[in-house]
Structures are given as structure tokens and as C-alpha cells.
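1 is the number of the first residue of the sequence shown in the working numbering; add one for each residue after it. All residues carry an ideal CB built from backbone N, CA and C; glycine is no exception. Presented below is the structure to which this report refers.
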Amino acid sequence: MAQVEATTERIIAARPEDVFDALADYANVRPKILSEHFSEYEVREGGDGDGTLVHWKLQATSKRIRDCLLDVSEPTDGQLVEKDRNSSMVTTWTVTPAGEGKSRVVVSTVWNGAGGVGGFFEKTFAPKGLGRIYDEVLGKLAGQVEK
């Protein structure tokens, strides 16, 4: 099994603390910014950053649906980590300053991929697909926080 990684980033015209607060708001903001690839969204515990337990189904392709149950932590300032209880998948959201009134948001997901030929195709194509999904989410996030 090889580790697979998908990373996407965007500059958003809003203060880092406002962007982070919006991202960490799993109860109100997060459902508004998810793309159509996410379904059955449900906050099971918490709802604001660290200590949140959230569920969704992620449909990356027409045939690939991942049932995710994620524990949210905030290991450092400006960082949210979502660890999936159902797989090896870990998604890290990092918000840093990017100039006056701007933020850089980087979302990076890693997981243990399949072996063999299937693993080769997963490592080749999955990061591009997931990157497109998270680019759409970041676009919606920008729409929520930019003034």
C-alpha cells in the first residue's frame, strides 16, 4: 500500500481568523460550503472545531462512495484535522496569513491506497479528483467569508 495525497489551496480575501472560524463551524457554515459530492451530512457531537464528530458520505466518482465518520481536532492555531474512523484518511485544513486582509487556505488529504495496479490508478487519478472537489469547497468558502 502506498500513501496517496491530494492537496489544494486558495487565497481568500478575508482575515485568517474569520476564515478559520467559518471552516471550524461544522454546525452552520460547513454544510453550506460542501459540494454535491457530499451527502448525509450530520454533526454527531460538538459542532465548532476541536471535539466535533461529523459524518458524511463522499462520492468521489460515480462508483466510489466513502462513508466518513470524522473526529475533528485543532493541533495548532489555524489548523483543523479531520481523522476518519472508518479508514486511514486524514484531512488537514491550514489557514495562514497571505498579506493584508487575505488568507491562504491549504487542504491536504492523505490515506493508504490500494496495492498493485489498482493502487497505481488510485495514486494517479484520485488526487486530481479530490483536488477538484476541494477546489469547489474552497470557492464556496470564499463566497461565505469575502466581503
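Thinking C-beta only, is P16 closer than 8 Å to S95?
-> A quick correction: the sequence has Val, not Ser, at residue 95. Yes, Cβ-Cβ distance for V95 and P16 is below 8 Å.
Can you grab the Cα-Cα spacing for the pair E74 / S62, in whole Å?
-> When rounded, the distance between both Cα atoms is 32 Å.
In angstroms, rounded to a whole number, what distance separates the CA positions of A98 and E9?
-> Take the alpha-carbon of A98 and the one of E9: they are about 12 Å apart.
Just the Cα atoms here: how many angstroms apart are S87 and C68?
-> Note on geometry: alpha-carbon atoms of S87 and C68 lie some 8 Å from one another.
Nearest-angstrom Cα separation, counted from E136 out to S35 | The straight-line gap from Cα to Cα measures roughly 7 Å.
Assuming V19 contacts S103 (C-beta within less than 8 Å), just tell me the rounded distance between them.
-> That belief holds up - the Cβ atoms of V19 and S103 are roughly 4 Å apart, short of 8 Å.
My understanding is that K32 touches K140, with C-beta atoms under 8 Å, so please give their C-beta distance in whole angstroms.
-> At roughly 7 Å, the Cβ-Cβ gap stays under 8 Å, so K32 and K140 are in contact.
Would you mind listing the alpha helix (DSSP H) stretches within the stretch 21-49 that are 4+ residues and don't spill past its ends, in chain order?
-> Runs found: 30-33.
S108: first and last residue of the uninterrupted beta strand (DSSP E) it sits in = Residue range 103-112 is occupied by the beta strand (DSSP E) that includes S108.
Do you know whose CA, among V72, R64, T7, lies nearest D50's CA?
-> Cα-wise, what sits closest to D50 is V72.
With burial defined as no fewer than 16 other Cβ atoms inside 10 Å of the residue's Cβ, what is the status of Y26: buried or exposed?
-> Under a 10 Å Cβ-count criterion, Y26 is classified as buried, with 16 or more other Cβ atoms of the shown protein chains found around its own Cβ.
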